[in-house]
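Engineer:
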Amino acid sequence: MSRRRQIYEGKAKILYEGPEPGTIIQYFKDDATAFNAEKKGTINGKGVINNRISEYVFTRLSHIGIPTHFIRRLNMREQLVRQVEIIPLEVVVRNVAAGSLSKRLGIEEGEVLPHTLIEYCYKDDGLGDPKVSEEEIACFNWCSHEEMQDMSSMAIRINDFLSGMFSAIDIRLVDFKLEFGRIWDGDFSRVILADEISPDGCRLWDINTGEKLDKDRFRRDLGGESEAYQEVARRLGLLQNEDNGPGEVLDMNAHRGRLRTPAKPAKK
Numbered sequence: 537m538s539r540r541r542q543i544y545e546g547k548a549k550i551l552y553e554g555p556e557p558g559t560i561i562q563y564f565k566d567d568a569t570a571f572n573a574e575k576k577g578t579i580n581g582k583g584v585i586n587n588r589i590s591e592y593v594f595t596r597l598s599h600i601g602i603p604t605h606f607i608r609r610l611n612m613r614e615q616l617v618r619q620v621e622i623i624p625l626e627v628v629v630r631n632v633a634a635g636s637l638s639k640r641l642g643i644e645e646g647e648v649l650p651h652t653l654i655e656y657c658y659k660d661d662g663l664g665d666p667k668v669s670e671e672e673i674a675c676f677n678w679c680s681h682e683e684m685q686d687m688s689s690m691a692i693r694i695n696d697f698l699s700g701m702f703s704a705i706d707i708r709l710v711d712f713k714l715e716f717g718r719i720w721d722g723d724f725s726r727v728i729l730a731d732e733i734s735p736d737g738c739r740l741w742d743i744n745t746g747e748k749l750d751k752d753r754f755r756r757d758l759g760g761e762s763e764a765y766q767e768v769a770r771r772l773g774l775l776q777n778e779d780n781g782p783g784e785v786l787d788m789n790a791h792r793g794r795l796r797t798p799a800k801p802a803k804k
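Put into structure tokens, the structure is as follows:
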């Protein structure tokens, strides 16, 4: 088997050259980082769960007309995506005060915002992905005015759809980040949704209990990270119950270990 050419390795994913021109294979890792990679660790099975959740979300978004880089899932940890020119901005969508917003403005965490807030951060790990204004984005030409409008419009549509989708399974979408990229057709380009949407980049709280079902469990040393990620997948219908059926999406090493354990004979 020929070795694949690695293009890039980030904090949560590895990108490989795809089988066809204009495609990339996106591999989801179990690595977890927080506070601009000052805190590092592993969440067992996270890559498997995030692959499935992101596949599900991107597929649902495509059904409402959101253009995305997702083509298809290849296996438990990989998906085939379109190669894009990433716009160096993170688009942060906030519905409820939490995290850096609460700290920066002194707003109590959990307070519902008067309306959805969109923020932009410049993608630069060395600078800590600083928050930037629309004026700064225009000044440094990180994207055009038309691209900014496309991203903000899509962000609002995505938020409306995902808020409803998660609310239906008793999860509150507190905030989340999006990344976009350009695809080119000759001299013309258009903006499409890229990267991933998963508990790594979303704050997801149980509507009834307020329990955190996202990477904040890792950031704040709450424990139970794997279980929280699996709970989101289970509510979305991506995990079967405890029967370990063919649709099970747990970490393969642990999964194989359970399969090797002899089943107890049924009581007569």
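Under the numbering used here, the first residue of the sequence shown carries the number 537, and numbering increases by one thereafter.
Don't be surprised by glycine CBs; every beta carbon is placed ideally from N, CA and C.
Between 775, 632 and 666, which lies nearest to residue 743 when the distance is taken from Cα to Cα?
Structural biologist: Against the sequence shown, residue 743 aligns to sequence position 207. It is 632 whose Cα lies nearest to the Cα of residue 743.
Engineer: Do the stretch 581-596 and the stretch 663-673 touch if we need at least three Cβ pairs shorter than 8 Å?
Structural biologist: Verdict: no, contact absent.
Engineer: Buried or exposed: which applies to residue 764, given that a residue is buried once 16 or more other Cβ atoms fall within 10 Å of its Cβ?
Structural biologist: In the sequence shown, the residue the question calls residue 764 occupies position 228. Buried: at least 16 other Cβ atoms inside 10 Å.
Engineer: When you compare only the Cα positions, how much space is there between residue 583 and residue 566?
Structural biologist: Taking the sequence shown and counting its residues from 1, one reaches residue 583 at position 47. Taking the sequence shown and counting its residues from 1, one reaches residue 566 at position 30. The straight-line gap from Cα to Cα measures roughly 5 Å.
Engineer: Do residue 664 and the ligand COA come close, with the Cβ less than 7 Å from some heavy atom?
Structural biologist: Looking at this structure, you won't find the ligand COA or any other ligand, since it has none at all.
Engineer: Using a 10 Å radius around the Cβ and a threshold of 16 neighbouring Cβ atoms, would you call residue 575 buried or exposed?
Structural biologist: As a first step, residue 575 is located in the sequence shown; it is residue number 39 there, counting from the start. Residue 575 comes out exposed.
Engineer: Taking the C-alpha atoms as reference points, what is the distance between residue 562 and residue 615?
Structural biologist: The count along the sequence shown starts at 1 and reaches residue 562 at position 26. The count along the sequence shown starts at 1 and reaches residue 615 at position 79. Their Cα atoms are separated by approximately 5 Å.
Engineer: Only counting the same chain, and skipping five residues up and downstream in sequence, which positions put a Cβ closer than 6 Å to that of residue 550?
Structural biologist: Position 14 of the sequence shown holds residue 550. Cβ neighbours of residue 550 beyond the five flanking positions: 563.
Engineer: Using beta carbons (cut-off 8 Å, strictly below), is residue 600 in contact with chain B?
Structural biologist: As a matter of chain content, chain B is missing from the structure shown, which is built from one protein chain.
Engineer: Closer than 6 Å by C-beta to residue 542: which residues in its own chain qualify, once you throw out the five before and the five after it? Chain order, please.
Structural biologist: Counting from one through the sequence shown, the residue named residue 542 turns up at place 6. Excluding sequence neighbours, residue 542 sits near 552.
Engineer: Using a Cβ-Cβ cut-off of 6 Å (strictly less than) and excluding sequence neighbours within five positions of residue 686, which residues of its own chain qualify?
Structural biologist: The count along the sequence shown starts at 1 and reaches residue 686 at position 150. So the list reads 727, once near-sequence residues are dropped.
Engineer: In whole angstroms, give me the CA-to-CA distance for residue 625 and residue 597.
Structural biologist: Counting from one through the sequence shown, the residue named residue 625 turns up at place 89. Counting from one through the sequence shown, the residue named residue 597 turns up at place 61. Taking the straight line joining both Cα atoms gives about 20 Å.
Engineer: Assuming residue 654 and residue 688 make a contact with CB atoms under 8 Å, what is their CB distance in whole Å?
Structural biologist: By 1-based counting over the sequence shown, the position of residue 654 is 118. By 1-based counting over the sequence shown, the position of residue 688 is 152. The Cβ separation is near 6 Å, so the contact holds.
Engineer: Residues in its own chain within less than 7 Å of residue 679 by CB, not counting five upstream and five downstream?
Structural biologist: By one-based count along the sequence shown, residue 679 stands at place 143. Cβ within range, chain order: 623, 625 and 673.
Engineer: Identify, in the order they occur along the chain, each residue of the same chain with its Cβ nearer than 7 Å to the Cβ of residue 694, setting aside the five sequence neighbours on each side.
Structural biologist: For the purposes of this step, residue 694 is identified with residue 158 of the sequence shown, where counting begins at 1. Within its own chain, the residues whose Cβ lies closer than 7 Å to the Cβ of residue 694, once the five positions on either side in sequence are excluded, are 597, 602 and 714, listed in chain order.
Engineer: Going by CA-CA distance only, name the one from 621, 731 and 540 that's closest to residue 558.
Structural biologist: The residue labelled residue 558 in the question sits at position 22 within the sequence shown. Out of 621, 731 and 540, 621 has the C-alpha closest to the C-alpha of residue 558.
Engineer: Measuring CB to CB, does residue 754 end up less than 8 Å from residue 568?
Structural biologist: One-based indexing of the sequence shown puts residue 754 at position 218. One-based indexing of the sequence shown puts residue 568 at position 32. Yes. Within cutoff.
Engineer: Whose CA, out of 699, 712 and 718, lies closest to the CA of residue 682?
Structural biologist: Counting from one through the sequence shown, the residue named residue 682 turns up at place 146. It is 718.
Engineer: When you compare only the Cα positions, how much space is there between residue 773 and residue 560?
Structural biologist: Here the question's residue 773 lines up with position 237 in the sequence shown. Here the question's residue 560 lines up with position 24 in the sequence shown. Those two C-alpha atoms are separated by around 27 Å.
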